[in-house]
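Residues are numbered in our numbering as their position in the sequence shown, beginning at 1, plus a constant of 953.
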Amino acid sequence: MNVLNSMPPYNLFGLDNSTYENSKIVAIPIPYDSTTSYKSGTREGPRVIIESSRNIELYSELLEKDISKVGIYTTDEILPDMSSPENMVNRIYNEVIPILEDDKIPLLLGGEHTIMVGALKAVSEKYGKDNFSVLHFDAHSDSRDIFMDTKYSHACVMARARELCNSCYSVGVRSIDEEDYEKYSDILYMKNIQNMSNDEVSNSIIKNTKKDIYLTFDLDAIDPSEMPSVGTPEPNGMKFKDLVDIFSKVLKEKNIIGMDFNELDPIPGFNAPNYLAAKLIYLVIGYAFE
């Protein structure tokens, strides 16, 4: 029986005939928010990103092509391990290893930012901690060593990243504690970005990162006027149009070896931020594999 006007398949961007074998990118939904410290709900992020993405036009007028043809496969959701944050990190690590072994690009959909650590552990083992950079977009430095009695809190991800990779660069930060502000020099603060052109921001990223990058993107990097659906919406953030312009320049010079987008905390009945998140992911893929 033929079903007329059926909805697209339930996967990232609603792709027909998407298989693991024919895909370059493997999207992994991770509905986990165990260590959220202010407002919980990011466990719903992967679901609404996928739902919104199924309504995106696959042809991009910006890139003048169908971005999805790179091949994007969506796995089942990873079941959260609630026994401890460290055990959840290790669960994600074990899921990402075979994807990297098959020379595919893991794309994690969070969930809280802690999901990055498991993927980065696997990436670091494959590529070596001296041979790539972590490019981190975030309103917060996430650089505490321990927060709420765990090293695997969402507030500690960049402390763990600096253990797994010797080249890290954070962009858009506008919230950091005094000790870390004096300690770290690998941060491009929002107070500097607001006085820079997009070309200057792009050149700073290109200069301070290696050819191969792992991209970790906390959606609270975006200004709350455009992205209110996050756990801690810091004012004075980056704008979508500027981010797209920056990525169009940076990703011409870099190779993405893994990425995650996280911290979407959906507001019931307000779909625009969910759609923005899905659209940003789609355009990043397009520019990364142009």
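By construction, the Cβ of each residue, glycine as well, lies at the ideal position given by its N, Cα and C atoms.
Check: Hey, how far is the Cα of ILE1129 from the Cα of GLU1065?; Outcome: 18 Å
Check: Could you give the C-beta distance for ALA1092 and VAL1126, rounded to a whole number, given that I count them as a contact under 8 Å?; Outcome: 7 Å
Check: From LYS1192 to ASP1171, what distance separates their C-alpha atoms?; Outcome: 13 Å
Check: Note down the Cα distance separating LYS1104 from ARG1113, rounded to an integer number of angstroms.; Outcome: 8 Å
Check: Only counting the same chain, and skipping five residues up and downstream in sequence, which positions put a Cβ closer than 7 Å to that of SER1138?; Outcome: none
Check: Looking at MET1041 and SER1106, is the spacing between their C-beta atoms short of 8 Å?; Outcome: no
Check: Grouping DSSP H, G and I as helix and E and B as strand, with all else coil, what is THR1169?; Outcome: strand
Check: Alpha carbon to alpha carbon, how far is LYS1160 from SER1150? Give it in angstroms, no decimals.; Outcome: 15 Å
Check: With DSSP collapsed to three states, give me the class of THR1027.; Outcome: strand
Check: The alpha helix (DSSP H) with MET1111 in it runs from where to where?; Outcome: 1110–1117
Check: State buried or exposed for PRO1188, treating a residue as buried only when at least 16 other CB atoms are found within 10 Å of its CB.; Outcome: exposed
Check: Rank ILE1025, LEU1062, TYR973 and GLU1017 by C-alpha distance to the C-alpha of ARG1000 and give the top, closest one.; Outcome: LEU1062
Check: Grab me the residues of TYR1166's own chain with a C-beta within less than 8 Å of its C-beta, minus the 5 sequence neighbours each way, in chain order.; Outcome: Note that residue 1166 corresponds to Ile in the displayed sequence, not to Tyr. The answer, listed in chain order, is PHE1085, SER1086, VAL1087, LEU1088, LYS1207, ASN1208, ILE1209 and ILE1210.
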